[in-house]
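Reviewing the structure listed below.
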Amino acid sequence: MSGIYIHIPFCKHKCTYCDFTSFPNRLNFAEAYMACLYKEIEKRGEELKDRTFDTVYFGGGTPSVIDPNYIYGAMKKITQCFHLSNRPEITIEMNPGTVNENKIAVYKRAGINRFSVGLQTAIDSQLENLGRIHNVRDYLYCASLLKGENFSADIMLGLKGQTEEDVKKTIELVAGSGAKHVSMYALTPEDGTPIYTDYLNGELPDSDEVAALYEFGKDLLAQKGYARYEVSNFAQKGFESRHNLNYWRRGEYIGLGISASSFIGGRRLTNTLDLDEYIKCILSGFLPVVDSAEVAGDDAKFEFVMLALRTAKGISAREYRKEFGSDWKKDFQRAYAKTAKYFEETGDTTRIRDEYLYVQNGILTEFME
Ligand code: SF4
């Protein structure tokens, strides 16, 4: 299985925690950027015409902030230039403060069949603290436009003043609005972002408090019918994200647009983070790749183990052997012996026990040496 990722780097406003490649107030570059993106799609499609892709994902930034006809145009180009499988999963990320009926109609005409909505929290004052442009009413409107569709909602933990009651309200809002999938992840206060000051001032919940909120949220999501299939991802049966599953299975993907990365033919490629450089490269007939490295040997093995152990399914000894011709427990003998108590085994599969999945980073650190 292979996926296509497309980065749309524009936003209306920079959120206080954001360190993604996104540009508030550069929407006037959207036309030039999308024209370049179409050229990159053509170029990459020509190189990869022998491959079949099963998923397309528009991420950002805020893909829903630009004119929806640009997204329609990008999908048209993709279907012309790439070979897609029979029933591809095609996702767009949306900010609830940027959607309307017409946009959803255009997305559906473009073939988009999955929507990822950045709610974050059902508490308006917390949304304001995050610098989000939407409020709970906007989310409800967005969810009403997506009634009956396959859509996911993002929930963020570790917010200033966040309580279990707030997480409960958020999960109840999401479940009641008809979301089929939930991504629930912890806020990472990055140095250089405005929210980092709150972190330095001790105003954000500490890691034990966030872990407790996660455990509470995980149990409530299970009660609402969302099964955890990866540390931060929960879905009703049959609504797991195929695009993300491909990442965790170390499948190939091609990233298009500024800052996008690809994993193809055993190499990891990264596009430039600079908008002007991206446009210049494409207009000069070059691909905007600034970094290219082979992922092989021990690095590839570690990547396989690390990604598989993030998932509820865990690591399959058979799949590992098929890829590397060896036994993963022997390859990581010392780390496995040290961490075996955190695992459970079923047939040829080893997974991190449910209660340790959230703290898996500490376990995986052992495998890095
Ligand atoms: S909407 Fe997303 S990408 Fe845009 S500024 Fe906020 S966090 Fe960053």
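Residue 849 in our numbering sits at position 363 of the sequence shown, with consecutive numbering throughout. Cβ coordinates follow ideal geometry from the N, Cα and C atoms, glycine included.
| query | result |
| --- | --- |
| Check for me: the alpha helix (DSSP H) holding ARG595 runs from which residue to which? | 587-596 |
| Please go through the same chain and pick out, in chain order, the residues whose beta-carbon is closer than 8 Å to the beta-carbon of GLU701, but skip the five residues on each side of it. | TYR844 |
| Cβ-heavy atom distance between CYS504 and the ligand SF4 below 7 Å? | yes |
| Express the C-alpha separation of VAL592 and ALA560 in angstroms, rounding to a whole number. | 12 Å |
| Nearest to CYS504 by CA position, among THR679, VAL781, ILE744, is which residue? | THR679 |
| So what's ALA665 in DSSP terms, helix, strand or just coil? | coil |
| Between the stretch 524-541 and the stretch 605-618, do three or more beta carbon pairs fall short of 8 Å? | no |
| Whose CA, out of GLY724, LEU755, GLU726, PHE725, lies closest to the CA of TYR739? | LEU755 |
| On the DSSP bridge assignment, give the partners of ALA779 in chain order. | ARG754 |
| Regarding GLY678 and the ligand SF4, is the C-beta to nearest heavy atom distance less than 7 Å? | no |
| Please report the distance separating the alpha-carbon of VAL436 from that of GLU533. | Not covered by the structure: residue 436. The range shown for the chain is 487 to 855. |
| Any heavy atom of the ligand SF4 closer than 7 Å to the CB of THR548? | yes |
| Within this structure, are the beta carbons of ILE578 and ILE564 separated by less than 8 Å? | no |
| Are the stretch 531-549 and the stretch 569-586 touching, with three or more C-beta to C-beta distances below 8 Å? | yes |
| Can you tell which of TYR491, CYS501, TRP814, TYR519 has the C-alpha that lies nearest to the C-alpha of ASP760? | TYR519 |
| Which residue's Cα is closest to the Cα of SER663: LYS633, MET792, ASP640? | LYS633 |
| Does any CB atom of chain B fall closer than 8 Å to the CB of GLN648? | Annotation note: the requested chain B is absent from the structure, which comprises a single protein chain. |
| Would the stretch 680-691 and the stretch 714-728 be scored as touching if the rule is three or more Cβ pairs under 8 Å? | no |
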